[in-house]
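Report on one structure; see the data block that follows.
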Amino acid sequence: MEQSEETNARRAGFWEGSLGYPQAVAVALAAFAVGIVYQWRIPRMPQVPFSIAAGICAAFVVIVGFASLRWRRTRVMEWITGIPFAVVSIVGVMLLAAVGAAVPEATLRARFGMQSAYSSWPFAMMLFVMLTNLVGVSARRMWPLSFRNVRFTLNHLGLAVTLIGGVMSAAGLERSNLVLELGHPTAMAEAVDGKPVPLPFQATLRQFRLASFPPTLALAESDPKAPDGARITAGEQFAKPGLTERIGPYSVKVLEYLPRAAKVGGVWRAVNFPTAAPAVRVEVSDAAGHPAAAGWVSSGSVDTESAFLPLGEDRALFMPPPRPREFRSTVAIFRDGRTEVREIRVNQPISVGPYRLYQLSYDEKMGAASEFSVIEVVRDRGLPVVYAGLFMLLAGAALFLWEGAREGGSE
Amino acid sequence: MMALLLLASAAYVKNRRAGDALMLAGIACGAGLLGYLWVTLGRPPMRTLGETRWWYAVLVPALGFVIGWRFRTRALAIPACLMGCLFAAIDMAHPEAMDKTLMPALQSPWFVPHVVVYMLAYSALGLSSLLGAWAGVQRYFRHQPVAVADVDLPHRLVMVGFPLLSCGLIFGAFWAKEAWGHYWSWDPKETWAFLTWAAYLLYLHVRTRHALKPALNLALLVVGFGVLMMCWFGVNYLPTARESVHTYSQ
Numbered sequence: 002m003e004q005s006e007e008t009n010a011r012r013a014g015f016w017e018g019s020l021g022y023p024q025a026v027a028v029a030l031a032a033f034a035v036g037i038v039y040q041w042r043i044p045r046m047p048q049v050p051f052s053i054a055a056g057i058c059a060a061f062v063v064i065v066g067f068a069s070l071r072w073r074r075t076r077v078m079e080w081i082t083g084i085p086f087a088v089v090s091i092v093g094v095m096l097l098a099a100v101g102a103a104v105p106e107a108t109l110r111a112r113f114g115m116q117s118a119y120s121s122w123p124f125a126m127m128l129f130v131m132l133t134n135l136v137g138v139s140a141r142r143m144w145p146l147s148f149r150n151v152r153f154t155l156n157h158l159g160l161a162v163t164l165i166g167g168v169m170s171a172a173g174l175e176r177s178n179l180v181l182e183l184g185h186p187t188a189m190a191e192a193v194d195g196k197p198v199p200l201p202f203q204a205t206l207r208q209f210r211l212a213s214f215p216p217t218l219a220l221a222e223s224d225p226k227a228p229d230g231a232r233i234t235a236g237e238q239f240a241k242p243g244l245t246e247r248i249g250p251y252s253v254k255v256l257e258y259l260p261r262a263a264k265v266g267g268v269w270r271a272v273n274f275p276t277a278a279p280a281v282r283v284e285v286s287d288a289a290g291h292p293a294a295a296g297w298v299s300s301g302s303v304d305t306e307s308a309f310l311p312l313g314e315d316r317a318l319f320m321p322p323p324r325p326r327e328f329r330s331t332v333a334i335f336r337d338g339r340t341e342v343r344e345i346r347v348n349q350p351i352s353v354g355p356y357r358l359y360q361l362s363y364d365e366k367m368g369a370a371s372e373f374s375v376i377e378v379v380r381d382r383g384l385p386v387v388y389a390g391l392f393m394l395l396a397g398a399a400l401f402l403w404e405g406a407r408e409g410g411s412e
Numbered sequence: 004m005m006a007l008l009l010l011a012s013a014a015y016v017k018n019r020r021a022g023d024a025l026m027l028a029g030i031a032c033g034a035g036l037l038g039y040l041w042v043t044l045g046r047p048p049m050r051t052l053g054e055t056r057w058w059y060a061v062l063v064p065a066l067g068f069v070i071g072w073r074f075r076t077r078a079l080a081i082p083a084c085l086m087g088c089l090f091a092a093i094d095m096a097h098p099e100a101m102d103k104t105l106m107p108a109l110q111s112p113w114f115v116p117h118v119v120v121y122m123l124a125y126s127a128l129g130l131s132s133l134l135g136a137w138a139g140v141q142r143y144f145r146h147q148p149v150a151v152a153d154v155d156l157p158h159r160l161v162m163v164g165f166p167l168l169s170c171g172l173i174f175g176a177f178w179a180k181e182a183w184g185h186y187w188s189w190d191p192k193e194t195w196a197f198l199t200w201a202a203y204l205l206y207l208h209v210r211t212r213h214a215l216k217p218a219l220n221l222a223l224l225v226v227g228f229g230v231l232m233m234c235w236f237g238v239n240y241l242p243t244a245r246e247s248v249h250t251y252s253q
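Chain order of the listed sequences is A and B.
Counted from 1, the first sequence has number 236 at position 235 by the numbering used here; the numbering is strictly sequential.
Counted from 1, the second sequence has number 142 at position 139 by the numbering used here; the numbering is strictly sequential.
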């Protein structure tokens, strides 16, 4: 079939015969070439206001949708909304996405002046080609809508709406970091490029809390072939008195565990200040069960030196820094003459007007004694459109699964 | 589990009922292992690559059994048992430290559904590619062209795996929005997840138009699984891996 298409195309001129894969490839290559020229002339994509981006997207949908319905029986419109066009646009987007997935952003920036492969003109042009196909084919199948076309429409229109929402998001996304110091009110965040961003509310950090998992132990062995010159065998068990664990060839028994400790006068003692480090007193036996070493091991902290237990010349037992279990900030938000005290945790952001506030980071050196907390402030005006598309895709996936699981289900 | 699945694949050659019984016993053992890990670790055993491989080793035979029962075919049973064994063997040969820690970003209601749906999708798509590749190899050695019927069962598996893959991707987007403030960041892992989804999307479109070109369909299935493996394991070895926030292995 493709052969006859190609023969026809040759006979009647490239664009005059039936349209198929060769013409779709030509369009994709042309779009890519236009993207390259733009990338060369305007390396940084200009930031357009959200309303303009939304207007352009709406106009695009109306024009392509109308054209697809008005000229639905023409060979050009059948081709634009057909499978060859879809296949070529998918391959085009995949190839460009693969470049971004394989080449680090720093390399793209240094060699081609690109911020990222996904905010480049060639990628935008390829998405434009894909969206033209998606919006066109969705319009064709939606009008008149039949039950048979529901799954198809949900999947195609859902993807189109998600991508359009993504474009609107890119234009309307406001992301900045709010560095909150304990007790200091601030209404000024900082954008990624370092520019100050005034906020319509004021925030004060009342309290920052960090809880860590109990520490684990690990064995370091000198190994010139290892990336850092040492091979690490990590223990799996949380330290607690009486625990016996095999780490590498050694059996390690925890005799004493101090969640907060410091070395006072050469002796490890329990203390009660937030920057103290966990410490364990252990007894280590070798594979034959003979005592190999005994003593204190600690991860150390900003105030306390770490302690490890040498096991011969090229091995040592040490304690990696305990991992954070959770961290949260209690923040007072002053807005419209009212103060509200809220708690922000990872995975539990809060809403303040049109903004969402996310717990991002803290002073990792100070750990639980951190005196500041970094909150990410996000406003995404394209989000409702993206979510509408994602829910359509979910519904489409459910129908897809239902049909796929039916015996003799249609494709 | 491995012994039972290996015995099941041997039993299927002669006795279907014995094969079914052994396969179910193997799946039950695997499910028991996952339950044991969940309880002893005090968290879902889904954090590291090694942990997800255990899920795969259990879900591939389970899905093979269910789909085989649904579509009244035994063609899936032996490949599903062997694939489950292979992934269990990889985990046995390269055991990973399984500590109890779970970083704050992973403590989300989306964690379990996201990983389980992805593992189910990977299982269906992995089986699909294995069956497709096996059919292609058999035809090659018999000097026969690939037949349209060779793609039927692999295609059914894609019809199950692809919507699950879509759900996994979308659940991930919802989760990312709650954890990191944005639903999509073109992080290397996210990009490879998109590429995997797009590879199977490509297969479905090509299949719609070229159902009578089975060799092309099978080739795309194998390529799709290659991209999937890249997303699951290979991305950790790329220079871009350092930019990813999705690396939870030790």
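Just so it is clear, CB atoms sit at the ideal spot from N, CA and C, and this is done for glycine as well.
Under 9 Å from the C-beta of residue i: neighbouring residues of chain B
{"i": "asparagine 348 of chain A", "result": "Pro107, Ala108, Leu109, Gln110, Ser111, Pro112, Trp113, Trp178, Glu181, Ala182"}
{"i": "arginine 142 of chain A", "result": "Going along chain B, no residue has its Cβ under 9 Å from arginine 142 of chain A, so there is no contact; the nearest lies around 13 Å."}
{"i": "phenylalanine 214 of chain A", "result": "Asp102, Lys103, Thr104, Leu105"}
Through-space distance from residue j to residue i, alpha-carbon basis
{"i": "alanine 219 of chain A", "j": "aspartate 194 of chain A", "result": "40 Å"}
{"i": "alanine 413 of chain A", "j": "glutamine 48 of chain A", "result": "There is no way to answer for residue 413 of chain A, as the model of chain A reaches only from 2 to 412."}
{"i": "valine 77 of chain A", "j": "alanine 152 of chain B", "result": "34 Å"}
{"i": "phenylalanine 153 of chain A", "j": "arginine 142 of chain A", "result": "8 Å"}
{"i": "phenylalanine 373 of chain A", "j": "leucine 198 of chain B", "result": "39 Å"}
{"i": "alanine 99 of chain A", "j": "alanine 176 of chain B", "result": "19 Å"}
{"i": "alanine 118 of chain A", "j": "methionine 127 of chain A", "result": "12 Å"}
{"i": "alanine 288 of chain A", "j": "alanine 127 of chain B", "result": "44 Å"}
{"i": "tryptophan 403 of chain A", "j": "arginine 74 of chain A", "result": "32 Å"}
{"i": "tyrosine 186 of chain B", "j": "glycine 167 of chain A", "result": "10 Å"}
{"i": "alanine 406 of chain A", "j": "leucine 172 of chain B", "result": "20 Å"}
{"i": "methionine 26 of chain B", "j": "glycine 383 of chain A", "result": "49 Å"}
{"i": "arginine 324 of chain A", "j": "phenylalanine 214 of chain A", "result": "6 Å"}
{"i": "alanine 227 of chain A", "j": "phenylalanine 165 of chain B", "result": "40 Å"}
{"i": "leucine 257 of chain B", "j": "leucine 52 of chain B", "result": "Given a span of 4 to 253 for chain B in the structure shown, any question on residue 257 of chain B remains unanswerable."}
{"i": "alanine 171 of chain A", "j": "valine 38 of chain A", "result": "22 Å"}
{"i": "alanine 65 of chain B", "j": "isoleucine 30 of chain B", "result": "6 Å"}
Where residue i meets chain A, residues with beta-carbon distance less than 7 Å
{"i": "tyrosine 121 of chain B", "result": "Under the 7 Å cutoff, chain A gives no residues; its nearest Cβ is about 13 Å from tyrosine 121 of chain B."}
{"i": "alanine 100 of chain B", "result": "Ala235, Glu237"}
Cutoff 8 Å: residue i Cβ touching any chain A Cβ
{"i": "threonine 51 of chain B", "result": "no"}
{"i": "tryptophan 137 of chain B", "result": "no"}
{"i": "valine 118 of chain B", "result": "no"}
{"i": "histidine 185 of chain B", "result": "yes"}
{"i": "phenylalanine 68 of chain B", "result": "no"}
{"i": "histidine 97 of chain B", "result": "no"}
{"i": "proline 166 of chain B", "result": "yes"}
{"i": "leucine 134 of chain B", "result": "no"}
Within-8 Å CB hit, residue i to chain B
{"i": "threonine 217 of chain A", "result": "yes"}
{"i": "leucine 30 of chain A", "result": "no"}
{"i": "leucine 109 of chain A", "result": "no"}
{"i": "valine 99 of chain A", "result": "With the sequence shown as reference, residue 99 of chain A is identified as alanine, and valine is not the correct amino acid for it. Alanine 99 of chain A counts as touching chain B."}
{"i": "tyrosine 359 of chain A", "result": "yes"}
{"i": "proline 325 of chain A", "result": "yes"}
{"i": "leucine 256 of chain A", "result": "no"}
Interface partners of residue i on chain B, CB under 8 Å
{"i": "valine 283 of chain A", "result": "Within 8 Å Cβ-Cβ: nothing; valine 283 of chain A doesn't reach chain B, min ~17 Å."}
Chain A contact residues for residue i, given Cβ-Cβ distances below 9 Å
{"i": "phenylalanine 228 of chain B", "result": "Going along chain A, no residue has its Cβ under 9 Å from phenylalanine 228 of chain B, so there is no contact; the nearest lies around 15 Å."}
{"i": "alanine 201 of chain B", "result": "Ile91, Val92, Val94, Met95, Ala98"}
Sequence-distant residues of its chain with Cβ nearer than 6 Å to residue i (five each side left out)
{"i": "valine 62 of chain A", "result": "Val136"}
{"i": "glycine 249 of chain A", "result": "Leu220, Thr234"}
{"i": "proline 85 of chain A", "result": "Gly21, Tyr22, Ala25"}
{"i": "tyrosine 359 of chain A", "result": "Pro350, Glu377"}
Neighbour list for residue i in chain A, Cβ cutoff strictly below 8 Å
{"i": "valine 163 of chain B", "result": "Leu402, Gly405, Ala406"}
{"i": "serine 169 of chain B", "result": "Leu394, Leu395, Gly397, Ala398, Phe401"}
{"i": "isoleucine 93 of chain B", "result": "The premise fails here: isoleucine 93 of chain B is roughly 19 Å from chain A at the closest Cβ pair, so nothing lies under 8 Å."}
Interface partners of residue i on chain B, CB under 7 Å
{"i": "leucine 181 of chain A", "result": "None at all; the shortest Cβ gap to chain B is about 16 Å."}
{"i": "alanine 102 of chain A", "result": "Pro191, Thr194, Trp195, Leu198, Thr243"}
Own chain residues within Cβ distance below 7 Å of residue i, not counting five before or after
{"i": "threonine 163 of chain A", "result": "Val387, Gly390, Leu391, Leu394"}
{"i": "arginine 45 of chain A", "result": "Gln116"}
Contacts that residue i makes with chain D (C-beta to C-beta distance below 8 Å)
{"i": "glycine 167 of chain A", "result": "In summary, chain D is missing from the structure at hand, where the protein chains are A and B."}
Report the residues of the region 83-96 of chain A with a CB closer than 9 Å to any CB of chain B, ordered along the chain. Gly83, Ile84, Pro85, Ala87, Val88, Ile91, Val92, Val94, Met95
Selection of the region 366-388 of chain A by Cβ proximity to chain B, strictly under 7 Å: Glu377, Val379, Val387
At a CB distance below 8 Å, what residues from the region 328-355 of chain A approach chain B? Give them in sequence order. Phe328, Arg346, Val347, Asn348, Gln349, Pro350
Using a Cβ cut-off of 7 Å, which residues of the region 113-140 of chain A contact any Cβ in chain B, in chain order? Ser117, Tyr119
What are the residues in the region 5-36 of chain B lying within 7 Å of chain A by C-beta distance? none
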